[in-house]
Amino acid sequence: MNWTWFHKFGSPPHIYRIAGTLAPWFGWPAGLLIVAALFAGLVLAPPDYQQGDGFRIIYVHAPSAWLSVMIYGVMATAAAIGLIWRMKVAHAAAASCAVIGAWFTVVSLITGMLWGKPMWGTYWVWDPRLTAQLVLLFLYLGYMGLRSGIDDLARADRASAVLAIVGVINIPIIRFSVEWWNSIHQAPSVMRMDRPSMPMDMLAPLLMMLLGFTLYFAAVMLVRLRAEVLRRERSASWIKEALQ
Amino acid sequence: MSEFFAMGGYAAFLWPAYAVTLLAVVVNVVTAQRAHAAARAEARRRLEIETAPEHER
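In order, the protein sequences belong to chains A and B.
Heads up: take any position in the first sequence, counting from 1, add 407, and you land on my numbering.
Heads up: take any position in the second sequence, counting from 1, add 7, and you land on my numbering.
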C-alpha cells in the first residue's frame, strides 16, 4: 500500500496550505445554507400542532447539540491518531476542536433550557440526557484546562489525548440516554433507524441547518488548525513560505 | 410583522435561543481568525529574530 498520502497529510506546510484553501469552500456554503434555513425555519415551516411556534427553537437547538457531539467525535479521533501514529498535525487538529465544541455545548444547553421552560415547565431537570450533555461540557473544559496546565507541548498533547479518548464513553450515553432511561427529553426525530418523524416542510430547514452547521465547523476548525500548526512550527524555511 | 416577532407567544424563549446561537457562530469565526492572525504575527517575529544578523539578536 502506498502511504505517501498519509505522510503528506502529516506534513505541516501541506496542511497549512490545504486548510487555507479549503476553509472558504466550507465557510461560504455554510453561510448560505444557514441563512436559507433561517428563512425556511422561521417563515416557511408551519407551526407545530402541539408546540405552536415554540418548536422553531429546534432549528438552533438540534444543530448545536449535533455539533457538540460531532466535534467531540472528531476531537477524540484526531487525538487517537496523534497518540497512535505520533502525528503532530493530528494533535493540532484535536486541540483546534475543543473551544468550538465547548461553545456549542453551551449553546445546546442554553437553547435547551429556553425550550424546556415553556414546554416542560422548567429550565433544568437532572435528567439523563441533560446531565450527560453537562458532562460533555466538563469534558471539553477539562481537556482545555489540562492542555493549558502542561507547559511541555508533547506531554500536553498526549495527556489531553488520553482524556479525550476516555471521554468518548459519554457519547453513546448522550445518544441513548433518551432510550435507556425514562427521560423527559424527546427521542430523536431525525437520526433514527426508520424514517424521520417530521413532515418535509419542517424537516427540510432542519437538515439544511445540520449541514450548514457541519460545514461551518469545518471552516472554523480549519482556520484554528492553521493557527495551531503555525504556532507549533519551528522550521524557519516553511514559515517563510507560509507567511508570503 | 409584529405577529412574526411575537412567535405565537414564544418570543421570550425563541429569540434569546436564536441570539445565543448567533453569538456563538459569530464569536467562533472572529476568535478563530484572530488566533490565526496572532499565530502569523508571532511566526513573523520568530523569523525576524532567526534571520537577523548576529549582532542584532
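Each residue gets a CB set at the ideal place from its N, CA and C atoms; glycine is no exception.
Bear in mind that the values here come from a model prediction, so they are computed numbers and not experimental data.
Go through its chain and collect everything with a Cβ distance to residue i's Cβ below 8 Å, but skip five positions before and after it.
{"i": "LEU614 (chain A)", "result": "VAL597"}
At which residues does the alpha helix (DSSP H) containing residue i begin and terminate?
{"i": "ASN35 (chain B)", "result": "18-58"}
{"i": "ALA561 (chain A)", "result": "560-573"}
{"i": "GLN651 (chain A)", "result": "It is not in any alpha helix (DSSP H) - GLN651 (chain A) carries neither H nor E in the DSSP assignment."}
{"i": "SER9 (chain B)", "result": "9-13"}
{"i": "VAL542 (chain A)", "result": "535-556"}
If contacts are defined as beta-carbon pairs under 8 Å, then residue i and residue j qualify, I think. What distance do you get, rounded to the angstrom?
{"i": "VAL496 (chain A)", "j": "PRO419 (chain A)", "result": "6 Å"}
{"i": "PHE20 (chain B)", "j": "LEU521 (chain A)", "result": "5 Å"}
{"i": "TYR479 (chain A)", "j": "LEU543 (chain A)", "result": "7 Å"}
{"i": "GLY417 (chain A)", "j": "ARG633 (chain A)", "result": "With a Cβ gap of about 15 Å, GLY417 (chain A) and ARG633 (chain A) do not count as contacting."}
{"i": "ARG631 (chain A)", "j": "ALA39 (chain B)", "result": "5 Å"}
{"i": "GLY15 (chain B)", "j": "ASP460 (chain A)", "result": "4 Å"}
{"i": "VAL467 (chain A)", "j": "ALA24 (chain B)", "result": "5 Å"}
{"i": "ALA447 (chain A)", "j": "LEU54 (chain B)", "result": "At roughly 48 Å, the Cβ-Cβ gap does not stay under 8 Å, so ALA447 (chain A) and LEU54 (chain B) are not in contact."}
{"i": "MET494 (chain A)", "j": "THR621 (chain A)", "result": "Actually they do not touch by this definition, with Cβ atoms about 24 Å apart."}
{"i": "LEU650 (chain A)", "j": "ALA50 (chain B)", "result": "6 Å"}
With distances taken Cα to Cα, identify the nearest neighbour of residue i among the options.
{"i": "ALA502 (chain A)", "options": "A:ILE488, A:VAL514, A:ASP460", "result": "A:ILE488"}
{"i": "ASN589 (chain A)", "options": "A:ARG536, A:ILE478, A:MET628, A:ALA626", "result": "A:ARG536"}
{"i": "MET607 (chain A)", "options": "A:PRO454, A:LEU629, A:LEU516, A:ALA486", "result": "A:PRO454"}
{"i": "ALA486 (chain A)", "options": "A:ALA568, A:ALA469, A:TYR623", "result": "A:ALA568"}
{"i": "ARG639 (chain A)", "options": "B:ALA26, B:ALA46, B:LEU30, B:TYR17", "result": "B:ALA46"}
{"i": "TRP473 (chain A)", "options": "A:ILE581, A:GLU586, A:ALA649", "result": "A:ILE581"}
{"i": "ALA31 (chain B)", "options": "A:TYR550, A:SER584, A:LYS647, A:TYR623", "result": "A:TYR623"}
{"i": "LEU550 (chain A)", "options": "A:TYR530, A:GLY528, A:VAL573, A:ASP559", "result": "Strictly speaking, residue 550 (chain A) in this sequence is Tyr, with Leu absent from that position. The option with the nearest alpha carbon to TYR550 (chain A) is A:VAL573."}
{"i": "LEU610 (chain A)", "options": "A:SER584, A:GLN593, A:ALA469", "result": "A:ALA469"}
{"i": "TRP527 (chain A)", "options": "A:GLN457, A:ALA443, A:LEU439, A:LEU617", "result": "A:GLN457"}
{"i": "ARG463 (chain A)", "options": "A:LEU548, A:PRO525, A:ASP559, A:ALA566", "result": "A:PRO525"}
{"i": "SER475 (chain A)", "options": "A:ALA430, A:ALA509, A:LEU617, A:ALA594", "result": "A:ALA509"}
Going along the chain, which residues of its own chain have a beta-carbon closer than 7 Å to the beta-carbon of residue i, five neighbours each way excluded?
{"i": "VAL532 (chain A)", "result": "ILE591"}
{"i": "SER471 (chain A)", "result": "PHE511, VAL514, SER515, THR518"}
{"i": "ASN577 (chain A)", "result": "ALA539, VAL542, LEU543, LEU546"}
{"i": "ALA499 (chain A)", "result": "LEU632, GLU635, VAL636, ARG639"}
{"i": "MET628 (chain A)", "result": "SER503, CYS504, ILE507"}
{"i": "SER358 (chain A)", "result": "Here chain A comprises residues numbered 408 to 651, so residue 358 (chain A) is not present and cannot be evaluated."}
Using C-beta distances below 6 Å, list every residue in its chain close to residue i, excluding the 5 sequence neighbours before and after it, in chain order.
{"i": "LEU29 (chain B)", "result": "none"}
So is residue i in contact with chain D if we call contact Cβ pairs under 8 Å?
{"i": "ALA59 (chain B)", "result": "Among the protein chains in the structure shown, which are A and B, there is no chain D."}
If you scan the region 564-633 of chain A from start to end, which runs of the alpha helix (DSSP H) of 4 or more residues do you find wholly inside it? With a minimum length of 4 residues, the continuous alpha helix (DSSP H) runs that stay inside the region 564-633 of chain A are 577-587.
Complete alpha helix (DSSP H) runs within the region 436-512 of chain A (minimum length 4 residues, chain order): Counting only runs of 4 or more, we get 465-492.
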